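Asker:
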Amino acid sequence: MRLRRIVVVSREAEVQQLARQVAQEIFVADDLAEALDIVETVNPNLILFDHRFSPSHIREFLITTDNNSIVVPVVMVGKDENDTGSSAEFIKVGAYDYLQGRQDYGRLEQIVSRIKDKSKAIEADRSASDFFAEDLAASVSMVGWSKAILTTLKMIKLVAASRCNPVLIMGETGTGKELAAKAIHILRHPNEPFVAVNCAALTANLLESELFGHVKGSFTGADREKTGLLELAGAGTLFLDEISEMPMDLQAKLLRVFQEKTFRKVGGIKNIVCNATIMASSNRNLQTETQANRFRRDLYYRLSISPIIIAPLRAPGRREDIPLLAEYFLKTSTICPERHNNISSLTKLAIEALQKHDWPGNVRELCNVIERAILLETTDKIGLSSIVIDLTECGQLLDSPTADRIKSFSLAKAERELISRALQETGWQKTQAAVILGITRATLYAKVKQYKIEKGSYIAKELQNQVSAPSLPQPVTAP
Ligand SMILES: Nc1ncnc2c1ncn2[C@@H]1O[C@H](COP(=O)(O)OP(=O)(O)O)[C@@H](O)[C@H]1O
Ligand SMILES: [Mg+2]
Numbered sequence: 360m361r362l363r364r365i366v367v368v369s370r371e372a373e374v375q376q377l378a379r380q381v382a383q384e385i386f387v388a389d390d391l392a393e394a395l396d397i398v399e400t401v402n403p404n405l406i407l408f409d410h411r412f413s414p415s416h417i418r419e420f421l422i423t424t425d426n427n428s429i430v431v432p433v434v435m436v437g438k439d440e441n442d443t444g445s446s447a448e449f450i451k452v453g454a455y456d457y458l459q460g461r462q463d464y465g466r467l468e469q470i471v472s473r474i475k476d477k478s479k480a481i482e483a484d485r486s487a488s489d490f491f492a493e494d495l496a497a498s499v500s501m502v503g504w505s506k507a508i509l510t511t512l513k514m515i516k517l518v519a520a521s522r523c524n525p526v527l528i529m530g531e532t533g534t535g536k537e538l539a540a541k542a543i544h545i546l547r548h549p550n551e552p553f554v555a556v557n558c559a560a561l562t563a564n565l566l567e568s569e570l571f572g573h574v575k576g577s578f579t580g581a582d583r584e585k586t587g588l589l590e591l592a593g594a595g596t597l598f599l600d601e602i603s604e605m606p607m608d609l610q611a612k613l614l615r616v617f618q619e620k621t622f623r624k625v626g627g628i629k630n631i632v633c634n635a636t637i638m639a640s641s642n643r644n645l646q647t648e649t650q651a652n653r654f655r656r657d658l659y660y661r662l663s664i665s666p667i668i669i670a671p672l673r674a675p676g677r678r679e680d681i682p683l684l685a686e687y688f689l690k691t692s693t694i695c696p697e698r699h700n701n702i703s704s705l706t707k708l709a710i711e712a713l714q715k716h717d718w719p720g721n722v723r724e725l726c727n728v729i730e731r732a733i734l735l736e737t738t739d740k741i742g743l744s745s746i747v748i749d750l751t752e753c754g755q756l757l758d759s760p761t762a763d764r765i766k767s768f769s770l771a772k773a774e775r776e777l778i779s780r781a782l783q784e785t786g787w788q789k790t791q792a793a794v795i796l797g798i799t800r801a802t803l804y805a806k807v808k809q810y811k812i813e814k815g816s817y818i819a820k821e822l823q824n825q826v827s828a829p830s831l832p833q834p835v836t837a838p
């Protein structure tokens, strides 16, 4: 049984040889300072010290490594004279074990297997619970130990236990608003439905009939009765994503639901009781929106009784979550199972790079960067070179003349094709096509114009031969 890396702090060939028998790689250091340097860089599984070092040396060394959050077992290799006294002294200052000279060398194998078992147990433990600050966090898969995220978790717990309805969740894009909404949902009524709608993705009319439903014949095209999401949510949750984008007159209708706890289908006369918890998210500051007359003040007051606010990842109080989240995504990503099982962690430099970035896309962006790193990394540890944060570099590459061919033959054309296909598949229903593509209608219009896409122009012949078409994403439906 072998360990991956051992640092040997000894000039003695015999001690180095001993290490070689139980390690895939050994690193030799001459003195304590060098040992510290090496340990920080290679993250070994074991350190061997020879008899030159005293218990106070070892104590000092362990205090320094501990301050740097490095935990590596230290084994002393003593001299041949039988000296049981010093063994106890070394153990007292924190050494893992003590080999009493040559006659005791054989015991190193046992020590190694003990260390391996222990690190396996720690590993298993870590993937199960160490990522989560508390049981609640574990039940809702919310990672973080910063004060900011713990405060958010506390609010989630309070709101979930109360009857607070509606619930407003604010935070930049990718901070985990939907995750927070699901957390409250799970804590409050786990067996009821959770339905979500993105208010930015639909036109005013469509959004209204999505939410309230409609009766047959209530408008042209309403050829059958439709149940709205408010009704589908039952006693569960209706999640209104990006509520700031909801048209003003619909905001007024929503407010009425909050006040009266009933609603009517579009064109209907029957009052339907609303039992759902309505949660809304916004990545805009709704207060500013009300000041600019883009959001109804009365609705804002109604929503903001006890808002849940999630800090962006770059906030000073949240940066400490970055390494933990990175490791969590490394452990849980399913992007490339055969590879990521072999990647154990991130190097110190990689973590530093993550901590320096500002993360405008927040946790979602971090998750993407880690998944990209899993695909790029070839060793057992994610290093700096696999951390590709700034894709503008790749963009510049595409802008260079030598890459003109790639640019014109893959990116633009693939996009054009995806859009054509979405339009084709929805029978040129632009709203629906935009939802499928995950873009706004305005963007869709702009792209249709930019690429001069017309009905019937679906898939240029030349393209079919050159680009294997990416598949269309499916619209997200409520579970
Ligand atoms: N604290 C967290 N712990 C673990 N995963 C998180 C956390 N915050 C966000 N995520 C993940 O990041 C992604 C974006 O979160 P999401 O809730 O969709 O953000 P938002 O709705 O604010 O844009 C999701 O995959 C989510 O699971
Ligand atoms: Mg979201």
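The sequence shown begins at 360 in our numbering and counts up one residue at a time.
Virtual Cβ for every residue (Gly too), placed ideally from N, Cα, C.
In this text the structure is predicted, and so the values were computed from the model without any measurement.
Starting from Tyr659 and walking both ways along the alpha helix (DSSP H), at which residues does that stretch end?
Answerer: The sequence position of residue 659 within the sequence shown is 300, counting from 1. Arg656 to Leu662 is the extent of the alpha helix (DSSP H) around Tyr659.
Asker: Mind reading off the beta-carbon distance from Val374 to Leu407? Whole number of angstroms is fine, and I expect it under 8 angstroms.
Answerer: Taking the first residue of the sequence shown as position 1, residue 374 is located at position 15. Taking the first residue of the sequence shown as position 1, residue 407 is located at position 48. The pair is a contact, with the Cβ atoms about 6 angstroms apart (cut-off 8 angstroms).
Asker: Cα-Cα, which of Thr738, Ser369, Thr737 and Glu724 is closest to Asp749?
Answerer: Here residue 749 is taken as the residue at index 390 of the sequence shown, counted from 1. Nearest of Thr738, Ser369, Thr737 and Glu724 to Asp749, Cα basis: Glu724.
Asker: Is the stretch 501–513 touching the stretch 664–671 in the sense that three or more CB pairs, one from each, lie closer than 8 angstroms?
Answerer: The stretch 664–671 vs the stretch 501–513: in contact.
Asker: Would Val556 and Leu591 be called neighbours here (beta carbons separated by less than 8 angstroms)?
Answerer: Reading the sequence shown from its first residue, position 197 is the one you call residue 556. Reading the sequence shown from its first residue, position 232 is the one you call residue 591. No.
Asker: State the start and end residues of the unbroken alpha helix (DSSP H) segment that holds Ile545.
Answerer: On the sequence shown, position 186 is the one that residue 545 refers to. Lys536 to Arg547 is the extent of the alpha helix (DSSP H) around Ile545.
Asker: Under a Cβ-count criterion, where at least 16 other Cβ atoms within 10 Å of its own Cβ denotes burial, should Lys808 be classed as buried or exposed?
Answerer: For the purposes of this step, residue 808 is identified with residue 449 of the sequence shown, where counting begins at 1. Exposed, because fewer than 16 other Cβ atoms sit within 10 Å of the Cβ of Lys808.
Asker: Report, in whole angstroms, the separation of the C-beta atoms of Leu362 and Val471, which I expect to be a contact under 8 angstroms.
Answerer: Looking up residue 362 in the sequence shown gives position 3. Looking up residue 471 in the sequence shown gives position 112. Confirmed, about 6 angstroms.
Asker: For Thr562, which residues in the same chain have their Cβ closer than 6 angstroms to its Cβ, ignoring the five residues on either side in sequence?
Answerer: Locating residue 562 in the sequence shown gives position 203, where the first residue counts as 1. Thr790.
Asker: Going by the CB atoms, is the gap between Arg661 and Pro525 shorter than 8 angstroms?
Answerer: Looking up residue 525 in the sequence shown gives position 166. Looking up residue 661 in the sequence shown gives position 302. Result yes, Cβ atoms of Pro525 and Arg661 sit closer than 8 angstroms.
Asker: Have a look at Ser744, Ser603, Val387 and Ser704 and flag the residue whose alpha-carbon is nearest the alpha-carbon of Tyr659.
Answerer: Position 300 of the sequence shown holds residue 659. It is Ser603.
Asker: Which same chain residues, not among the five before or five after Leu565, have their C-beta less than 8 angstroms away from its C-beta?
Answerer: Counting from one through the sequence shown, the residue named residue 565 turns up at place 206. Excluding sequence neighbours, Leu565 sits near Thr790.
Asker: Helix, strand or coil for Asn564, going by three-state DSSP, please let me know.
Answerer: Position 205 of the sequence shown, counted from the first residue, corresponds to residue 564. In this structure, Asn564 counts as helix in the three-state DSSP scheme.
Asker: Does the stretch 605–622 touch the stretch 630–648, meaning 3 or more C-beta pairs lie closer than 8 angstroms?
Answerer: With the cut-off at 8 angstroms, the stretch 630–648 and the stretch 605–622 touch.
Asker: Roughly how many angstroms separate the alpha carbons of Gln714 and Arg678, rounded to a whole number?
Answerer: One-based indexing of the sequence shown puts residue 714 at position 355. One-based indexing of the sequence shown puts residue 678 at position 319. One C-alpha to the other measures close to 7 angstroms.
Asker: Run through DSSP, which three-state label would Ala392 get?
Answerer: Translated into the one-based positions of the sequence shown, residue 392 becomes position 33. Looking at Ala392 - three-state DSSP - the assignment turns out to be helix.
Asker: To the nearest angstrom, how far is it from the Cα of Phe449 to the Cα of Val381?
Answerer: For the purposes of this step, residue 449 is taken as the residue at position 90 of the sequence shown. For the purposes of this step, residue 381 is taken as the residue at position 22 of the sequence shown. Cα to Cα, Phe449 sits roughly 22 angstroms from Val381.
Asker: Can you tell me whether Leu517 is buried or exposed? The criterion is at least 16 other CB atoms within 10 Å of its CB, across all chains shown.
Answerer: In the sequence shown, counting from the first residue as 1, residue 517 sits at position 158. Per the 10 Å Cβ criterion, exposed.
Asker: Determine the DSSP secondary structure at Glu711, reduced to helix, strand or coil.
Answerer: Counting from 1 along the sequence shown, the entry for residue 711 is found at position 352. In the structure shown, Glu711 sits in a helix (DSSP, three-state: H, G or I).
Asker: Counting pairs of Cβ atoms below 8 angstroms between the stretch 528–543 and the stretch 570–590, do you hit three or more?
Answerer: These segments do not touch.
Asker: Determine the direct distance from the alpha carbon of Leu683 to that of Thr400, and round the result to whole angstroms.
Answerer: The sequence position of residue 400 within the sequence shown is 41, counting from 1. The sequence position of residue 683 within the sequence shown is 324, counting from 1. Those two C-alpha atoms are separated by around 19 angstroms.
Asker: Looking at the secondary structure, which residues open and close the beta strand (DSSP E) in which Met638 lies?
Answerer: For the purposes of this step, residue 638 is identified with residue 279 of the sequence shown, where counting begins at 1. Here the beta strand (DSSP E) through Met638 covers Thr636 to Ser641.
Asker: For the beta strand (DSSP E) containing Leu672, list its first residue and its last residue.
Answerer: Residue mapping note: residue 672 aligns to position 313 of the sequence shown, counting from 1. It is not in any beta strand (DSSP E) - Leu672 carries neither H nor E in the DSSP assignment.
Asker: Following the continuous beta strand (DSSP E) through Tyr457, name the residue where it begins and the one where it ends.
Answerer: Within the sequence shown, the letter at position 98 stands for residue 457. Per DSSP, Tyr457 belongs to the beta strand (DSSP E) from Asp456 to Leu458.
Asker: By how many angstroms is the C-alpha of Asp409 removed from the C-alpha of Leu391?
Answerer: The residue labelled residue 391 in the question sits at position 32 within the sequence shown. The residue labelled residue 409 in the question sits at position 50 within the sequence shown. Distance between the alpha carbons of Leu391 and Asp409: 12 angstroms.
Asker: Cβ atoms of Leu803 and Ser663: under 8 angstroms apart, would you say?
Answerer: In the sequence shown, the residue the question calls residue 663 occupies position 304. In the sequence shown, the residue the question calls residue 803 occupies position 444. Cβ atoms of Ser663 and Leu803: not closer than 8 angstroms.
Asker: Classify Asp680: buried if its beta carbon has 16 or more other beta carbons within 10 angstroms, exposed otherwise.
Answerer: As a working mapping, residue 680 is identified with position 321 in the sequence shown. Burial call: buried.
Asker: Please state the DSSP three-state secondary structure of Thr621.
Answerer: Start at 1 with the first residue of the sequence shown, and residue 621 comes out as number 262. The answer is strand: DSSP assigns Thr621 an E or B state.
Asker: Per DSSP, what are the beta-bridge partners of Phe553 in this structure?
Answerer: Translated into positions along the sequence shown, residue 553 becomes position 194. Thr596.
Asker: Is it right to say Glu567 is buried, meaning 16 or more other beta carbons lie within 10 angstroms of its own, or is it exposed?
Answerer: For the purposes of this step, residue 567 is taken as residue 208 along the sequence shown, with counting starting at 1. Glu567 is buried by the Cβ-count criterion.
Asker: Take the Cβ of Glu468 as the centre, count every other Cβ of all protein chains shown within 10 Å, and call the residue buried at 16 or more, exposed below.
Answerer: Position 109 of the sequence shown, counted from the first residue, corresponds to residue 468. The residue is exposed, with fewer than 16 neighbouring Cβ atoms inside 10 Å.
Asker: When you compare only the Cα positions, how much space is there between Asn427 and Val398?
Answerer: Counted from its first residue, the sequence shown places residue 427 at position 68. Counted from its first residue, the sequence shown places residue 398 at position 39. Approximately 11 angstroms, taken between the alpha carbons.
Asker: Tell me, which residues are paired with Ala382 by DSSP?
Answerer: Against the sequence shown, residue 382 aligns to sequence position 23. DSSP output for Ala382 lists Leu362 as bridge partner(s).
Asker: Please find out if some non-hydrogen atom of ligand 1 comes closer than 7 angstroms to the beta-carbon of Gly318.
Answerer: Residue 318 lies beyond the residue range present for the chain, which begins at 360 and ends at 838; the question has no answer from this structure.
Asker: Which residue or residues does DSSP assign as beta-bridge partners of His410?
Answerer: Counting from 1 along the sequence shown, the entry for residue 410 is found at position 51. None; His410 has no bridge partner.
Asker: Taking a contact to mean a Cβ-Cβ separation below 8 angstroms, would you say Met360 touches Lys541 in this structure?
Answerer: Numbered from its first residue, the sequence shown carries residue 360 at position 1. Numbered from its first residue, the sequence shown carries residue 541 at position 182. Cβ distance not < 8 angstroms, so Met360 and Lys541 don't count as in contact.
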